[in-house]
Amino acid sequence: MSVSLIRLLLTCGFICLIISEHKGQNRQPKSDVGDAIQFKILKTTGDTLDFDQAYRSIDKFSFPEDAFNNTRPEDTYWILLDFKRGATSKLNDSIRYLKLNYFDFGEIFYQKLDSIVTRPIGQLDENTIAKRITSSKYHCEIPLDFKSLIQNRYLFLRVKRVKFIEPVTNWSFTYQQNSESNSYTWSDIAKSIPNYIYMGIGFTIGIIMLVYFFHFRKIEFLLYSSFVFFKIIYLFQEEVILLDKLHVNNTLLKSWLLETNSILIGIAYNLFILFYLNVKKEYPRVYYFLKVGVYIHVLMLVVDLVFLLFTYHLGHIYLILVLRVVSFLITVSFLVYLFFYNKNRISKIFLIGSSCFFISIIVYYYFNLKAGNDPMLYGNSLFLAIGSTLEMLFFAYGLTYKAFDEHLQGIYFKQEAIINKNKALRAQINPHFIFNALSSIQHLILKKKNTSALNYLSKFSRITRNALEASIDGQATLDEEIKMLNDYLELESLRFDHAFSFRVEVEERLVPLEMDIPFMITQPFVENAILHGLLPKTSGQKELTVAFEEKDDDLICTIDDTGIGRNNHQNATGPNQEKRKSRGLEVTLSRLASWPYGSGKVEIIDKVDKHNVPLGTKVVIVVPLGSKR
Numbered sequence: 000m001s002v003s004l005i006r007l008l009l010t011c012g013f014i015c016l017i018i019s020e021h022k023g024q025n026r027q028p029k030s031d032v033g034d035a036i037q038f039k040i041l042k043t044t045g046d047t048l049d050f051d052q053a054y055r056s057i058d059k060f061s062f063p064e065d066a067f068n069n070t071r072p073e074d075t076y077w078i079l080l081d082f083k084r085g086a087t088s089k090l091n092d093s094i095r096y097l098k099l100n101y102f103d104f105g106e107i108f109y110q111k112l113d114s115i116v117t118r119p120i121g122q123l124d125e126n127t128i129a130k131r132i133t134s135s136k137y138h139c140e141i142p143l144d145f146k147s148l149i150q151n152r153y154l155f156l157r158v159k160r161v162k163f164i165e166p167v168t169n170w171s172f173t174y175q176q177n178s179e180s181n182s183y184t185w186s187d188i189a190k191s192i193p194n195y196i197y198m199g200i201g202f203t204i205g206i207i208m209l210v211y212f213f214h215f216r217k218i219e220f221l222l223y224s225s226f227v228f229f230k231i232i233y234l235f236q237e238e239v240i241l242l243d244k245l246h247v248n249n250t251l252l253k254s255w256l257l258e259t260n261s262i263l264i265g266i267a268y269n270l271f272i273l274f275y276l277n278v279k280k281e282y283p284r285v286y287y288f289l290k291v292g293v294y295i296h297v298l299m300l301v302v303d304l305v306f307l308l309f310t311y312h313l314g315h316i317y318l319i320l321v322l323r324v325v326s327f328l329i330t331v332s333f334l335v336y337l338f339f340y341n342k343n344r345i346s347k348i349f350l351i352g353s354s355c356f357f358i359s360i361i362v363y364y365y366f367n368l369k370a371g372n373d374p375m376l377y378g379n380s381l382f383l384a385i386g387s388t389l390e391m392l393f394f395a396y397g398l399t400y401k402a403f404d405e406h407l408q409g410i411y412f413k414q415e416a417i418i419n420k421n422k423a424l425r426a427q428i429n430p431h432f433i434f435n436a437l438s439s440i441q442h443l444i445l446k447k448k449n450t451s452a453l454n455y456l457s458k459f460s461r462i463t464r465n466a467l468e469a470s471i472d473g474q475a476t477l478d479e480e481i482k483m484l485n486d487y488l489e490l491e492s493l494r495f496d497h498a499f500s501f502r503v504e505v506e507e508r509l510v511p512l513e514m515d516i517p518f519m520i521t522q523p524f525v526e527n528a529i530l531h532g533l534l535p536k537t538s539g540q541k542e543l544t545v546a547f548e549e550k551d552d553d554l555i556c557t558i559d560d561t562g563i564g565r566n567n568h569q570n571a572t573g574p575n576q577e578k579r580k581s582r583g584l585e586v587t588l589s590r591l592a593s594w595p596y597g598s599g600k601v602e603i604i605d606k607v608d609k610h611n612v613p614l615g616t617k618v619v620i621v622v623p624l625g626s627k628r
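Quick note: the sequence shown uses numbering that gives the first Met the number 0, first residue 0, plus one each step.
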């Protein structure tokens, strides 16, 4: 990742820190601890017991430490709150707040006038009167008017715990003067700061990876962005308002979907590994292992949706536990394999990032499982936030590194393709030139012009040698091009018994030794000018001028002849001549289009006098100057 991106992430984290502190400062201070309320429990299976039956069975209620172990989703618990012992002396007519565990489903039974009234208090109940205490994941509070006590002593609760299993000894009930539903202490703020920083960094990285996906069109960016967003949603379920915006009013459905999100995390993570590390190609031994891991997660997702359809809460609870074990085994097995068989820098980056997160998970579970009163493992997530943040940073760096590495490889292969294409294009020019040269030598020998033949052969050998040397990279200096051009023109002049004159002009400010151009780029046009412009001319001056000049970082090559012009040549017989001319122009245009420093262009100008009589042809070749030696 770039330095600017790291600065952005740190700035985002700092802003989240300021927001969290400001949020804490606007909260009212936490109230006193409150007075504990003694309670007893009566466990039943199903909802067959009504209030009257429970009231008549007070003697069957037991203290939680005497008769109960862990909760189960199919069990219903009647709770008797007794305000007589240790609390009645402090009771008055003021309204206070009852603090209790935030049960999944629940009702409170209290007295109003001469009748018993019930109100919902479960977090999954519609129109619940309970309010979550923001500083606690497990507790809520309800307004308590002591005039509502049954026989001025009791309150009855009927509750169910369906989202997880916990010991009933975790339950506690207190009453206090002030509300805690909207209060934070500085200790609470300190615990929430890592979460806000993690959320800020995670959201930023997720957005960046999503942008990279649309730019690079690489599926691993989309998978990792999904993985990050799924983790944020899972870790901060209480803050997620998306389902509310979508008007999902079923609280049980919302809760189930948010917890099922942990399966989507596993699917996204395993698919990300497959594409990011190119496992099928680089690590074929574990490819099917990870693929089976994806199938297992998908199967779990389907099974969990079936559990949701039939509201089988216990199956959902155990499935999430099995999911943790399966994900742990898959991750550990792959990391161990990768530790011994990593092949490149990308896999090393992945190994470091995953190891950071894996170690943080171990530390997180170690401290939270020891507590015993945190069944959902909501405890201090500092280590988890640190490990997950490091993982995100390493993965984001690895993805960026991989994308730009592939981009550079693409540029390299593109350049190789251009070089190979240029070689193929030059191969279409050289055989034609060599054939003509050998024919000319043969012609001179047959006419017994041995001196001219030897001179011709010497110049031809020099051109051939230069062509072979330049064929390595397809380009030559302007100085080499001019020498080749002079040799070629002398050869053609010898070949046609000095039937035309020529000159090569170079602008004074040019430094031919320092300029690179495509090798023999002017040769096809010079050949056309001689064969199809000058030689067919029967009278008048036959002159060819080749000029080189620089303009706006481009080399301008001008081939100017005083021949018969293109229009007269097209009316002449000889289809081979037309074919050669078109072919030479086509090849040259292709070479200029693939020139690495920018596409060149060719302009052909028909010269005429004021009476529209042809005066010859001018060809202007524009070559971008991208390199000076």
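Each residue gets a CB set at the ideal place from its N, CA and C atoms; glycine is no exception.
Residue pairing of N100 in beta bridges, as defined by DSSP: H138. When C-alpha distances from Y54 are compared across D46, A384, A129, L79, the shortest belongs to L79.
With at least 16 other beta carbons inside 10 angstroms of its own, D560 counts as buried. In the DSSP assignment, L493 falls within the unbroken alpha helix (DSSP H) covering 477-494. In this structure, the CA atom of Y363 is about 38 Å from the CA atom of D46.
In the structure shown, Y596 adopts coil according to DSSP, grouped into three states. By the C-beta density criterion, F309 is exposed, having fewer than 16 other C-beta atoms within 10 angstroms.
Checking the DSSP bridge columns, you'll see Y76 partnered with K42, V158. Just so you know, the alpha carbons of D552 and P623 end up roughly 6 Å apart.
Distance from the CA of S492 to the CA of G562, rounded to the nearest whole angstrom, comes to 15 Å.
For F108, DSSP records a beta bridge to T117, F155. In the three-state DSSP reduction, E165 falls in the coil class, being neither helix nor strand.
For Q175, the enclosing beta strand (DSSP E) starts and ends at 172-175.
Contact annotation: the region 340-353 touches the region 265-283, with at least three C-beta pairs closer than 8 Å. Contact between T70 and R160 holds: their C-beta atoms lie close to 4 Å from each other, under 8 Å. As the crow flies, the alpha-carbon of I141 is around 14 Å from that of S171. Between I516 and E489, the C-beta gap is not smaller than 8 Å, which leaves the two residues out of contact. Within its own chain, the residues whose Cβ lies closer than 8 Å to the Cβ of V297, once the five positions on either side in sequence are excluded, are I266, listed in chain order. Within a 10 Å sphere around the beta-carbon of T616 sit 16 or more other beta-carbons, which makes this residue buried. The C-beta separation of L222 from L270 comes to about 5 Å, placing the pair in contact by the 8 Å criterion. Taking 8 Å as the cut-off, the beta carbon of D81 is found closer than this to the beta carbon of Q37. Between Y197 and the set L234, N169, Q175, T168, the nearest pair of CA atoms involves L234. Shown here, N611 sits in coil according to DSSP, grouped into three states, outside any helix or strand.
Y137 and A402 do not touch by the CB rule: their CB atoms are close to 43 Å apart, not below 8 Å. Under the DSSP assignment, A546 falls outside any alpha helix (DSSP H), being part of the beta strand (DSSP E) whose first and last residues are 542-550.
The C-beta distance from F356 to S387 rounds to 6 Å, short enough to fall under 8 Å.
Secondary structure at D404: helix, using DSSP grouped into helix, strand and coil.
Taking one beta carbon from each stretch, the region 122-134 and the region 56-63 have fewer than 3 pairs nearer than 8 Å; the two do not touch. Straight-line spacing of the CA atoms in V510 and L591 works out to 21 Å. DSSP, reduced to helix, strand and coil, places M391 within a helical segment of the structure shown.
In this structure the region 532-540 does not lie against the region 595-612, because fewer than three pairs of beta carbons, one per stretch, are closer than 8 Å.
The three-state reading of DSSP puts D515 in strand, counting E and B together. When the five nearest sequence neighbours on each side are left out, the beta carbons in the same chain lying within less than 7 Å of the beta carbon of Q414 are those of P595, in order along the chain. Around the beta carbon of Q176, fewer than 16 other beta carbons lie within 10 angstroms, which makes this residue exposed. Close CB contacts of M483 within its chain, under the 7 Å cut and outside five residues either way in sequence, are with I462, N465, M519 (chain order). Taking D74 as reference, the option from D103, L99, I319, I57 with the minimal CA-CA separation is D103.
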